[in-house]
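Q: Dropping the structure in here first, questions after.
Numbering (my numbering), first residue to last: 228 to 365.
Following this line, the structure appears as structure tokens:
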């Protein structure tokens, strides 16, 4: 059975619950999709936590090398990583008992997404959190 994303209603409920998003792979370069999406979501009122090794800060927030280093609760992990890196990210999310994972548009790793869901996570894959937010709330 192929992975299926939650319904628009379920996604809207998630986005209403989320306060803090850890953006894995956030680029400090304003022309990159990860930067644009994170900045837009920050503008909509979400707390953005940049997660990227060697990054000190982005969007006015301190950055962390890994999810495990983030010193506060994370409501949603927004992944801007290539599909081959999603397995390790899912392992970390499961280990940290994080509640939700959003795998950005253009990134597909069905086995990792199913594994995350089987571990109890809310999972969205191959969709843009910014585009969904605009479609659902604007």
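Think of the CB as a built atom: it goes at the ideal place given N, C-alpha and C, for glycine as much as any other residue. Treat the numbers as computed from the prediction; the structure is a model and nothing was measured.
Just checking my contact of residue 242 with residue 357 at CB under 8 Å: how many whole Å lie between their CB atoms?
A: Contact doesn't hold; Cβ gap of about 11 Å is too wide.
Q: Please give the ranges of any beta strand (DSSP E) in the segment 259-328, keeping only runs that are unbroken, at least 3 residues long and fully inside the region.
A: Secondary structure in the segment 259-328: the beta strand (DSSP E) runs of 3 residues or longer, each lying completely within the stretch, are 274-278, 303-306 in chain order.
Q: Here's a check: name, in chain order, each residue in its chain whose Cβ is nearer than 8 Å to the Cβ of residue 245, leaving out the five neighbours to either side.
A: Cβ neighbours of residue 245 beyond the five flanking positions: 273, 302, 303, 327.
Q: Which word fits residue 237, buried or exposed, when buried means at least 16 other C-beta atoms lie within 10 angstroms of its C-beta?
A: exposed
Q: Got a sec, what are the start and stop residues for the alpha helix (DSSP H) residue 364 sits in?
A: 356-364
Q: Considering only residues of the same chain and omitting the five flanking positions on each side of residue 346, which have a CB-CB separation below 6 Å?
A: 321
Q: Note down the Cα distance separating residue 276 from residue 341, rounded to an integer number of angstroms.
A: 25 Å
Q: For residue 264, tell me which candidate among 331, 313, 287 has the shortest Cα-Cα distance.
A: 331
Q: Measuring straight from C-alpha to C-alpha, what distance separates residue 254 and residue 279?
A: 8 Å
Q: If we call anything under 8 Å between Cβ atoms a contact, is residue 314 one with residue 250?
A: no
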